[in-house]
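Here's the structure we're looking at; comments come further down.
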Amino acid sequence: MDVEELRAHRDALGFVPADSVRWLSPTQLVRTGVKVGLSTVLADFDDRREVQASLDGELLRLPLDESNAAEAWFDYVADIGDGFDTAYTVAWLLGRDKLDVRSADESYQLPRGSMLVLGGDEVYPTPSARAYEDRMRGPYRCALPQADDEPLLVALPGNHDWYDGLTTFLRVFGQQRRIGGWRTEQTRSYFAVQLPGRWWLLGIDTQLGTYIDGPQLAYFEEHVTRKLQPGDGVIVCSATPTWVDTAVDDIDAFNSLHWFDRHFIRTRTVPSTSEREETGASIRLWISGDSHHYVRFAERLPAEAPESSRRQLVTCGLGGAYLTATHAVPEQLELPPPSARAHKSDVPPVVFDRGPVSCPDPKTSRRTVWRLALPWSRYWLPRRNPGFGPLAAGLQVVLYLLTTFVFGLTQGRPPAAAVRQASVGAVLQFDIEALVAVAIAAMAPWVFLLIRRRSWATPSTAVVAVLLQAAVALLLLTVVVLVPWPASWPDWLVLATCVAGTAAAGAVLASEAFALYVLTARSGRVVEWQTAGQADEEAKGFVRMHIAANGDLTLYPVLVDRTCHDWKLADLPDGGVRPEPASVPTPRLVEEPIVIARCPGQPS
Numbered sequence: 026m027d028v029e030e031l032r033a034h035r036d037a038l039g040f041v042p043a044d045s046v047r048w049l050s051p052t053q054l055v056r057t058g059v060k061v062g063l064s065t066v067l068a069d070f071d072d073r074r075e076v077q078a079s080l081d082g083e084l085l086r087l088p089l090d091e092s093n094a095a096e097a098w099f100d101y102v103a104d105i106g107d108g109f110d111t112a113y114t115v116a117w118l119l120g121r122d123k124l125d126v127r128s129a130d131e132s133y134q135l136p137r138g139s140m141l142v143l144g145g146d147e148v149y150p151t152p153s154a155r156a157y158e159d160r161m162r163g164p165y166r167c168a169l170p171q172a173d174d175e176p177l178l179v180a181l182p183g184n185h186d187w188y189d190g191l192t193t194f195l196r197v198f199g200q201q202r203r204i205g206g207w208r209t210e211q212t213r214s215y216f217a218v219q220l221p222g223r224w225w226l227l228g229i230d231t232q233l234g235t236y237i238d239g240p241q242l243a244y245f246e247e248h249v250t251r252k253l254q255p256g257d258g259v260i261v262c263s264a265t266p267t268w269v270d271t272a273v274d275d276i277d278a279f280n281s282l283h284w285f286d287r288h289f290i291r292t293r294t295v296p297s298t299s300e301r302e303e304t305g306a307s308i309r310l311w312i313s314g315d316s317h318h319y320v321r322f323a324e325r326l327p328a329e330a331p332e333s334s335r336r337q338l339v340t341c342g343l344g345g346a347y348l349t350a351t352h353a354v355p356e357q358l359e360l361p362p363p364s365a366r367a368h369k370s371d372v373p374p375v376v377f378d379r380g381p382v383s384c385p386d387p388k389t390s391r392r393t394v395w396r397l398a399l400p401w402s403r404y405w406l407p408r409r410n411p412g413f414g415p416l417a418a419g420l421q422v423v424l425y426l427l428t429t430f431v432f433g434l435t436q437g438r439p440p441a442a443a444v445r446q447a448s449v450g451a452v453l454q455f456d457i458e459a460l461v462a463v464a465i466a467a468m469a470p471w472v473f474l475l476i477r478r479r480s481w482a483t484p485s486t487a488v489v490a491v492l493l494q495a496a497v498a499l500l501l502l503t504v505v506v507l508v509p510w511p512a513s514w515p516d517w518l519v520l521a522t523c524v525a526g527t528a529a530a531g532a533v534l535a536s537e538a539f540a541l542y543v544l545t546a547r548s549g550r551v552v553e554w555q556t557a558g559q560a561d562e563e564a565k566g567f568v569r570m571h572i573a574a575n576g577d578l579t580l581y582p583v584l585v586d587r588t589c590h591d592w593k594l595a596d597l598p599d600g601g602v603r604p605e606p607a608s609v610p611t612p613r614l615v616e617e618p619i620v621i622a623r624c625p626g627q628p629s
């Protein structure tokens, strides 16, 4: 059965299986825009992290059997709270006692982790108690109804969790309640977990930007910084891969995390002297979601250095949200960038090189973004986003009425008479003049900005959107003029036919024009629409990690190429039911396991 059929069993399941969010659906755009706008304005006035300082904040530990406490397995997954098919496919794999996976060269059996780390965006599009229940709690409760080992669950909020100021997030994850077999213990939106083998896992909450609040820093100083020993290894989870943002959008995006590394991991203040001392510890792995793909960067070291001594930067946001592109991700990063405020002239930046494998691979990524503008594709913009076609049709009807009115004025005739009697030359001349006028009007704000700043500024790509929609409107006007209207038809019938034809053709052409505009974008929010508008539900996964007895950390990036869309109901011992895949998903590794030594230079 599909999701629609599963919804008929909502009472037995205890939640309503949800469809994936259609991000470019007009109603969704409005709802999300309002929520984002309010949360952004109020973020500085309603920062719940300051209030959390009054709550107990303890250091967390894994529930390990003493006989096997020298090693541990745990999972990292992010961007999970989307449609049921994608979220539950991943959750079902996470809840299995063990997974048999293959890489290109070898087979592995990976036991379920003693801890599940949620790396952000546990709900889409905006948070509410109902949304968390349907998109996160319900699916994960069914994926692991109970577990004797009681694995720990820790969660880091992403920007979508922050849109109500963390109110619902803290109710779900901060009150030490169970979610099926997983148990939550954190009381704040950030956490520190002491792992075996002298490893530490930190989850840093940077709200809707990169700011780390004072109480959070005090928490990490008390529970981590003061306890670090030479040779300790640290894993840092952040809500966004700011290391990539430094090369794409904001050169200073990594500054806060770099500052945290310098002042809370690599060094600390000696209480008796107030001087700073080296801790001897280091961050060996930075990991994040937010971008819904898998990309890894490895520290560039001399060729003779052991592979395991390289620090790693991993982005893995494959937990359920739409798949995003990788072809624009840079091949190399310098952290911090030489021109960033955090850079010190006497300290060269660390260079990280992009790994050889990503999901999707750059070639596939570059090809699939064009599906948004292919009318025969199931990922075509108006087909994938309900309501977009009617919106485009309505816009073109309005533009048709406006252009025919202006055209009639230029011809000295009423609009209907102008449409019926104008020559081809007259309408083509009007098209050219109107398009030039629209271009001038659209570019005017940019010209005024140049004059005011007296320096170069890149014009907004919105100009392209305006010109394309104007071109569609003028094309439809030209077609209407070329139609040989019967002389017996009254003007109202001509007008009604034109409006109906404009609506039908406009729904297709204006949608296509908008899709092409989205594909021209190279930065900013519009770039995200290239993949958000497709809501691609395939290629989902997570990272399973293992700390070995010798202290090495191994990453196993798990991927299932095809999401399950066909379900059956299975009975539970307590009398309930849960969905199970009609055909078991076959996971594989995105790339060969990545080994990270706890101490730099230590052979694995």
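Per the working numbering, residue 26 is the first one in the sequence shown, and the count goes up by one each step.
In this text, a Cβ means the ideal position worked out from N, Cα and C, and glycines have one as well.
Boundaries (first-last residue) of the alpha helix (DSSP H) holding residue i
i: R160; result: Taken as a continuous stretch (DSSP letters only), R160 belongs to no alpha helix (DSSP H), as it is neither H nor E.
i: F430; result: F413 to Q436
i: A676; result: With the chain running from 26 to 629 in the structure shown, residue 676 is simply not present.
i: R445; result: P440 to Q446
i: E553; result: R550 to A557
i: F289; result: Element bounds for F289: n/a, residue is neither H nor E.
i: D270; result: T267 to V273
i: L409; result: Rather than Leu, the amino acid found at residue 409 in this sequence is Arg. Here the alpha helix (DSSP H) through R409 covers L406 to R409.
i: D197; result: In the sequence under discussion, the amino acid at residue 197 is Val, which differs from the Asp named in the question. Start and end: T192 to F198.
Per DSSP, the bridge partner or partners of residue i
i: L143; result: V102 and A180
i: R203; result: R208
i: W225; result: Q219 and V259
i: K565; result: V585
i: D378; result: A323 and Q357
i: A97; result: I572
i: E175; result: E175 is not bridged to any residue.
i: W48; result: DSSP output for W48 lists no bridge partner at all.
Cβ neighbour criterion (16 or more within 10 Å) applied to residue i
i: L427; result: exposed
i: N575; result: exposed
i: D586; result: exposed
i: P373; result: exposed
i: T298; result: exposed
i: S608; result: exposed
i: L475; result: exposed
i: W554; result: buried
i: L424; result: buried
i: V55; result: exposed
i: W22; result: Past the edges of the chain, shown from 26 to 629, lies residue 22, and the structure says nothing about it.
Backbone CA spacing between residue i and residue j [nearest angstrom]
i: D36; j: L49; result: 31 angstroms
i: P598; j: E29; result: 26 angstroms
i: V508; j: T522; result: 11 angstroms
i: T545; j: C167; result: 42 angstroms
i: A306; j: V259; result: 7 angstroms
i: G531; j: L348; result: 29 angstroms
i: T292; j: D275; result: 26 angstroms
i: S629; j: F99; result: A caution first: S629 carries a pLDDT of 43, below 50, which makes its placement in the model too unreliable to give a value.
i: R623; j: Q219; result: 14 angstroms
i: F216; j: L406; result: 40 angstroms
i: G190; j: R196; result: 12 angstroms
i: R392; j: H317; result: 17 angstroms
i: S334; j: K252; result: 23 angstroms
i: D146; j: L124; result: 25 angstroms
i: A466; j: F473; result: 11 angstroms
i: P255; j: G222; result: 13 angstroms
i: S448; j: A442; result: 12 angstroms
i: R160; j: V543; result: 28 angstroms
i: G601; j: P42; result: 16 angstroms
i: W580; j: T212; result: Note on identity: in this sequence residue 580 is Leu, with Trp being the wrong assignment. Distance between the alpha carbons of L580 and T212 is about 28 angstroms.
Span of the beta strand (DSSP E) around residue i
i: K123; result: K123 to R127
i: L594; result: W592 to D596
i: L578; result: L578 to V585
i: Q494; result: No beta strand (DSSP E) contains Q494, which is instead part of the alpha helix (DSSP H) from A487 to L507.
i: Q357; result: Q357 to L360
i: H283; result: Unbroken run through H283 is the alpha helix (DSSP H), N280 to F285; no beta strand (DSSP E).
i: A25; result: No answer is possible for residue 25: the residues shown for the chain start at 26 and end at 629.
i: Y133; result: S132 to P136
i: L348; result: Counting along the chain, L348 falls outside any beta strand (DSSP E), and DSSP gives it neither H nor E.
i: T111; result: No beta strand (DSSP E) holds T111; the alpha helix (DSSP H) holding it covers F109 to G120.
is_contact[residue i, chain B] using C-beta, thresh 9 angstroms
i: V504; result: Any reference to chain B falls outside this structure, which holds one protein chain only.
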